[in-house]
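Residue numbers (our numbering), protein chains in the order written: chain C, 1 to 569; chain A, 1001 to 1290.
Remarks on the structure that follows.
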Amino acid sequence: MANFYLDNPSLKHHLNHPLMKRIVALKERDYTDAEKYDYAPINFDDAMDSYEKVMEIAGEVIGDVVAVNAEEVDHVGPTVENNRVIYAAGTAQNLKATTQAGLMGLSMPRRYTGLNFPMVPFVMTSDMAARADAGFSNLWALQDCAETLYEFGNEEQRQSFIPRVCAGETMSMDLTEPDAGSDLQAVMLKATFDEANDCWRLNGVKRFITNGDADIHLVLARSEEGTKDGRGLSMFIYDKKDGGVNVRRIENKMGIKGSPTCELTYKNAKAQLCGERRLGLIKYVMSLMNGARLGIIAQATGLSEAAYREAVAYAKDRKQFGKAIIEFPAVYEMISNIRAKLDGSRSILYETARFVDIYKILEDIEKERKLEPDEKAELKKYKKLADAFTPLGKLFATEYANQNTYDTIQIHGGSGFMKDYPCERYYRDARITNIYEGTSQLQVVAAIRHVLTGTYLAQMKAYQAEQLNPELDGLKARLAKLVEIYEQLVPKIADAKDEVYLDFQARRLVESAGHIILSYLLLSDTDRTPEEFRRSAEVYVTYAETEIAKIQKFINEFPIENLEYYKQV
Amino acid sequence: MGLKIIVLAKQVPDTRNVGKDAMTPEGTVNRAALAAIFNPEDLNALEQALRLKDEYSDSTVTLLTMGPPRAADIIREGLFRGSDGGYLLTDRAFAGADTLATSYAISMAIKKIGDFDLIVCGRQAIDGDTAQVGPQVAEKLGIPQITYTEEIQSVKNGKITVKRRLEHGVEIVEGKLPMLVTVNGSAPDCRPRNAKLIQRFKYAKTASERNAEESNYSRLSASRTYLNIGEWSTADVNADIKQCGLSGSPTKVKKIENVVFQAKESKTLDSSDQQIEELIVELITNHTIG
């Protein structure tokens, strides 16, 4: 009997961020839906009250059902019979409970039977779900594919598919192939137009498809014969009811075992084009991936939360040398670092979600009416911030999930290595988060642009300019010093005008930016809810200073010609 | 074929998590110290009713509860999970009722509701554990009853088929509508509260609640009549005051004692086959296992 929303005050803190006032007003179009739908809010307080109540429902279902099933789902996993995936019994039960609770289609507009919630509460459900069962959180977060379908599909497609997602049908995004992983431009799955039946036909193989036997698939396929790059790819919707896609096998994975990872064969599968031809990869999948990356930040944060709780519980309970091990500095330092990294991950998760919310809702409004100049500027600003924060958040939250689950096992000692405690599951589950939806290395590639163009620096300055409680002046001054160092480091690399050298040092610059931004976010959290975040702000700033000192030394003392020692023949 | 279903539910103190302050020095339940919850087996009952509603379109599920004004929570909780409406039977004159007076009041309220096909209620409430109210209501209404239900398997052509969970197995029985069934805790758990329904019904209030707190949302109830939770007094259900509450209750609590188990029920055995065999025989004989 646990409620994963009510037992975690930091969720309420993030749900009630001041920027929500703007987000909700935009999302609810000044509360006009209330005339048409009796479950629509009549004002801001009403909307927030509804989010709160629905988060409570989600917290209860996730705590009482998903969390309880997690261990067995991890052991049993899904199976394949007659080319179809059969979920573990617990997974099926989870899907039933979350559907009954009306939590599917959380962010979809009401006219398609959704709840019209912003991304912030949607992401919060993923955060909670991952704390319970990271494998299930994949199936859960994939409903976000509906967002892409909503954004780029035509009205008929929206009307036929979105209500089905709201009613509990699952989705998948079929992108990767045996020879197209990080490099999606190499996708070969063939789409040909079937004149006789006025539809598209898909033929080929997809690999590593999460929830590959979903009811509704978004598929990236090559529609332009003779092309070799991303511009020949389009996005398609495949409806499982039409048949033609079989599950050849599911992967035997290290973690997230409840989430079926499928190899799919397409044999003349009927499909419909989503959006325009040739924009599949360059526009739609980029949007899809950004949403998915936000989902992974949430997944990683949920895993860190689970690890933190497990670490504290064990360290309080376990007695050695006559006292609980949590009383030893070596252990409590680890726990404080876990907590600080967890709080930092969560802060950037919701900051990013808010940025995404504002720009996406404004884009949606733009379909209904012309935006005012200030709204246009607002859209541009937040889109850029979302674009900059998404890779940074993914890089940090997923690396921290790995570190945190690793340290939690360490705190458990030999017991952590056994299957008796859930920390070994968290550790295995976390390992994929910094690999899929773009490896950490690729997040650096996406983020370095914002180091060089100054997006991060401008945002650091904006945070620095915020009025906070004077008690935080000391920490703020320390952060201002870190910003100075960052400002020195960036030109040092950029001015060398050497692409390879830049690639070599990129991660160090991106990490410096991330440490500073996470620190500022924790400061702002402390300003609003000191009792919850003060310790983490102190611990994280100290950690950031140490990490940046290391980076500073490396960059300052590294002769560019030493790159030769690193190159592999 | 739509069914008219009435679910009887009770708000009870959460006696499952009892702390030190659960009893007053006088030996009565300290209600202030315990959270008020939906009686667990009544939730199992509600789920059975909602499943029938899922299966037979046009069915309605109406909740009926008796209690203090705050028991309106029970009606809201039902609305959040899928019931169509409900009535709160509340009046000082109902206070102190034993099972006889309770079943009288409830049966009068059911008569006031009028038409129904099926009444579903939990086997018993966790505060009293009597399991008497359901059966007594059936008697007072002059309808048949099926107790210990684990699953309502079907309702067809005026007949209901029910799986009963008994001590040594299950029994499938059939009966004629209208019928009252009481549901066991072994029946499936109730579905969760629903995100859309909680937003639709969160401002559902009884008239007294609405009068007590004038809010921005009060005006909603004028255009959305389903936000009005029915609230009935003794007079509303034409109840004879003498048969209600304390005056209608022949059961008088003479004394309540806290029982603390003194002896530790443990035994020490060695690992010999003989001792283990003796233990097995003992456990089978006293029906702990087998």
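All C-beta atoms in this analysis are idealised placements derived from N, C-alpha and C, irrespective of residue type, glycine included.
Model, not experiment: these values are computed from the prediction.
**Asked** For the putative contact between N3 of chain C and E71 of chain C, defined by C-beta atoms under 8 Å, what is the C-beta separation to the nearest angstrom?
**Response** Going by Cβ atoms, the distance from N3 of chain C to E71 of chain C rounds to 19 Å, so no, they are not a contact pair.
**Beta carbon of S512 of chain C nearer than 8 Å to that of I448 of chain C** = Between S512 of chain C and I448 of chain C, the CB-CB gap reaches or exceeds 8 Å.
**Message:** Do I57 of chain C and P1040 of chain A have their beta-carbon atoms positioned less than 8 Å apart in this structure?
**Reply:** Against a cut-off of 8 Å, the Cβ pair of I57 of chain C and P1040 of chain A comes out as no contact.
**Message:** Taking contact to mean 3 or more Cβ pairs, one atom from each stretch, closer than 8 Å, check whether the segment 103-123 of chain C and the segment 15-29 of chain C are in contact.
**Reply:** These segments touch.
**Asked** So who's on the other strand from Q441 of chain C, going by DSSP bridges?
**Response** Beta-bridge pairing links Q441 of chain C to no other residue.
**Prompt:** Between the C-alpha atoms of L6 of chain C and V1260 of chain A, what's the straight-line distance to the nearest angstrom?
**Reply:** Rounded to whole angstroms, L6 of chain C to V1260 of chain A spans 34 Å at the Cα level.
**Request:** Residues of the segment 1189-1206 of chain A with a CB closer than 8 Å to any CB of chain C: list them in chain order, please.
**Result:** Look at the segment 1189-1206 of chain A: the residues with a C-beta under 8 Å from a C-beta of chain C are R1191, P1192, R1193, N1194, A1195, K1196, L1197, I1198, Q1199, R1200, K1202.
**Item:** Simplified DSSP assignment, three categories, for P260 of chain C
**Value:** For P260 of chain C, the secondary structure class from DSSP, reduced to helix, strand or coil, is coil.
**Request:** Confirm, please, whether the CB-CB distance from V76 of chain C to A88 of chain C is below 8 Å.
**Result:** Judged by their CB atoms, A88 of chain C and V76 of chain C are nearer to each other than the 8 Å cut-off.
**Prompt:** Cβ of E60 of chain C less than 8 Å from any chain A Cβ?
**Reply:** For E60 of chain C, the answer is yes, since a Cβ of chain A falls inside 8 Å of its Cβ.
**Asked** Using a Cβ-Cβ distance under 8 Å, would R1224 of chain A count as near chain C?
**Response** Interface with chain C (8 Å Cβ-Cβ cutoff): R1224 of chain A is included.
**N-terminal and C-terminal residue of the beta strand (DSSP E) that F396 of chain C is part of** = First-last for F396 of chain C: 373-412, but that is the alpha helix (DSSP H), not the beta strand (DSSP E).
**Prompt:** Enumerated in chain order, which unbroken segments of the beta strand (DSSP E) with a length of 3 residues or greater are wholly contained in the segment 235-323 of chain C?
**Reply:** Along the segment 235-323 of chain C, the beta strand (DSSP E) occurs as fully enclosed runs of 3 or more residues at 245-250, 261-274, listed in sequence order.
**Request:** With distances taken Cα to Cα, identify the nearest neighbour of R478 of chain C among C:E531, C:I493, C:V539, C:Y456.
**Result:** Nearest in C-alpha terms to R478 of chain C, of all of C:E531, C:I493, C:V539, C:Y456, is C:V539.
**Prompt:** Using 8 Å as the Cβ pair cut-off and three pairs as the minimum, do the segment 1104-1120 of chain A and the segment 1076-1083 of chain A touch?
**Reply:** The way I'd put it, the segment 1104-1120 of chain A doesn't touch the segment 1076-1083 of chain A; fewer than three beta-carbon pairs between them come closer than 8 Å.
**Message:** Please state whether the Cβ-Cβ distance between F1094 of chain A and C1190 of chain A is less than 8 Å.
**Reply:** For F1094 of chain A and C1190 of chain A, no; Cβs fall outside 8 Å.
**Message:** Spatial neighbours of G114 of chain C within its chain, please: C-beta separation below 6 Å, excluding the five flanking residues on both sides.
**Reply:** Correct list, in chain order: G105, M108, C166.
**Asked** Excluding the five sequence neighbours on either side, which residues of its own chain have a C-beta within less than 8 Å of the C-beta of I1037 of chain A, listed in chain order?
**Response** A distance below 8 Å between beta-carbons, with the five flanking residues on each side excluded, links I1037 of chain A to the following residues of its chain, in chain order: Q1011, V1012, P1013, D1014.
**Item:** Simplified DSSP state of N1228 of chain A, which is helix, strand or coil
**Value:** Residue state, collapsed to three classes: strand.
**Item:** Buried or exposed (CB count within 10 angstroms, at least 16 for buried), Q943 of chain A
**Value:** Since the first and last residues shown for chain A are 1001 and 1290, residue 943 of chain A lies out of range.
**Message:** Just to make sure I have the definition right: I need the residues of chain A whose C-beta is within less than 7 Å of the C-beta of D38 of chain C. Which are they?
**Reply:** Those are R1200, R1224, listed as they occur along chain A.
**Cβ-based burial, A549 of chain C [other Cβ within 10 Å; buried from 16]** = Of the other Cβ atoms in all chains shown, fewer than 16 fall within 10 Å of the Cβ of A549 of chain C; this residue is therefore exposed.
**Prompt:** Using the beta-carbon of each residue, which ones in chain A are nearer than 7 Å to L115 of chain C?
**Reply:** The answer, in chain order, is A1195, K1196.
**Request:** Please confirm whether D144 of chain C and G280 of chain C have their CB atoms less than 8 Å apart.
**Result:** No, these two residues do not count as a Cβ contact at 8 Å.
**Message:** Runs of 4 residues minimum, wholly inside the segment 61-113 of chain C: which ones carry the alpha helix (DSSP H) assignment?
**Reply:** Entirely contained in the segment 61-113 of chain C, the alpha helix (DSSP H) runs reaching 4 residues are, in chain order, 67-76, 89-100.
**Prompt:** For F152 of chain C versus Y284 of chain C, is the C-beta distance shorter than 8 Å?
**Reply:** Cβ distance < 8 Å, so F152 of chain C and Y284 of chain C count as in contact.
**Request:** Please name the residue, chosen from C:E378, C:H13, C:M1, that lies closest to P530 of chain C on a Cα-to-Cα basis.
**Result:** Distance check between P530 of chain C and each of C:E378, C:H13, C:M1 places C:H13 closest, using alpha-carbon atoms only.
**V1259 of chain A in three-state terms, based on DSSP** = In the structure shown, V1259 of chain A sits in coil (DSSP, three-state: anything other than H, G, I, E or B).
**alpha helix (DSSP H) segments (min. 4 residues) lying fully within the segment 1178-1208 of chain A** = Qualifying alpha helix (DSSP H) stretches, in chain order: 1195-1201.
**Request:** For E225 of chain C, name the three-state secondary structure that DSSP assigns.
**Result:** DSSP places E225 of chain C outside both helix and strand once states are collapsed to three, so it counts as coil.
**Prompt:** Given K492 of chain C, which residues of its chain have a CB within under 8 Å of its CB, disregarding the five upstream and five downstream residues?
**Reply:** Within the same chain, K492 of chain C has close Cβ partners I555, N556.
**Request:** Find the residues of chain A that neighbour S126 of chain C, judging by a C-beta separation of less than 9 Å, and give them in chain order.
**Result:** Those within 9 Å of S126 of chain C in chain A number zero; the least Cβ separation is about 15 Å.
**Request:** On a CA-only basis, which of C:A191, C:I358, C:Y456 is nearest E487 of chain C? Give me that one, please.
**Result:** Restricting attention to C:A191, C:I358, C:Y456, the CA atom closest to the CA of E487 of chain C is found in C:Y456.
**Prompt:** Rounded to the nearest angstrom, how far is the Cβ of V247 of chain C from that of D213 of chain C, given a contact under 8 Å?
**Reply:** About 5 Å; that satisfies the 8 Å criterion.
**Prompt:** Do E947 of chain A and A1187 of chain A have their C-beta atoms closer together than 8 Å?
**Reply:** Residue 947 of chain A cannot be examined here, being either before or after the span of chain A that is shown, 1001 to 1290.
**Prompt:** K27 of chain C CB to nearest chain A CB: under 8 Å?
**Reply:** By this cut-off, K27 of chain C is not an interface position.
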